[in-house]
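Q:
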Amino acid sequence: MSFLFGVCTASHQNEGYNTNNNWYDWEIKNNLELSDIACNSWNNYENDIKNIVNLKCDSYRFSIEWSRIIPMENSIDFDAINKYKNIINYCINNNITPIITLHHFTRPIWFDNKYEGLHSKFFLEKFTEYI
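So, in structure tokens, the structure goes:
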């Protein structure tokens, strides 16, 4: 295996408008500064990946936001899945190895409200549906 030199991001902190997860809910409930548009990589991922290329990196670890893929229980957002596919393909087409994080500490609000969070006996079942 060869060494990869890369960069990483977290969906909630980078994509922008991740308003359907527990961290956004926490920001609201605690009157904190909202992540809001963040770095807007959801719309500007091509420029972000070009910057990775310019840095001479060969990998990019990023997270896929569970609350974008399943915004409501039993509801899949195929547009979000296709967007993540586009991001992955853009990486590959630019010789950047994508490394995916499936759980970067955020969960859909519906999951936390109904199943009471990470320690729920339903976590593995619902997370498996997502992955």
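Its first residue numbered 24, the sequence shown is counted upward by one per residue in my numbering.
For glycine and all other residues, C-beta sits at the position ideal for the given N, C-alpha and C.
Are the stretch 45-54 and the stretch 93-108 touching, with three or more C-beta to C-beta distances below 8 Å?
A: no
Q: Rounding to the nearest angstrom, what Cα-Cα distance links Lys17 and Pro94 in this structure?
A: Past the boundaries of the shown model lies residue 17; the chain is included only from 24 to 154, so the question cannot be answered.
Q: Suppose the cutoff is 8 Å on Cβ atoms and the five residues either side in sequence are ignored; what does the same chain contact list for Asp81 look like?
A: Correct list, in chain order: Leu27, Phe28, Gly29, Asn118, Ile119 and Thr120.
Q: Run the CB neighbour count on His127, radius 10 Å, all protein chains shown included, and call it buried at 16 or more, exposed below.
A: buried
Q: State the start and end residues of the unbroken beta strand (DSSP E) segment that holds Phe85.
A: Per DSSP, the continuous beta strand (DSSP E) segment holding Phe85 begins and ends at Ser82 to Ser86.
Q: Would you mind sorting Trp49 into buried or exposed? The rule is 16 or more other CB atoms within 10 Å of its CB.
A: Classification of Trp49: exposed, given that the 10 Å Cβ count is below 16.
Q: Please return the same chain residues whose Cβ sits closer than 8 Å to the Cβ of Arg130, not counting the five positions on each side in sequence.
A: Asn44, Asn45, Trp89, Ser90, Gly140 and Leu141
Q: Looking at C-alpha atoms only, which residue of Val76, Ala103, Cys62 and Cys114 is the closest neighbour of Tyr153?
A: Ala103
Q: Since Ile122 is in the beta strand (DSSP E), which residue starts that stretch and which ends it?
A: Where Ile122 is concerned, the enclosing beta strand (DSSP E) stretches over Thr120 to Thr124.
Q: Grouping DSSP H, G and I as helix and E and B as strand, with all else coil, what is Asn136?
A: helix
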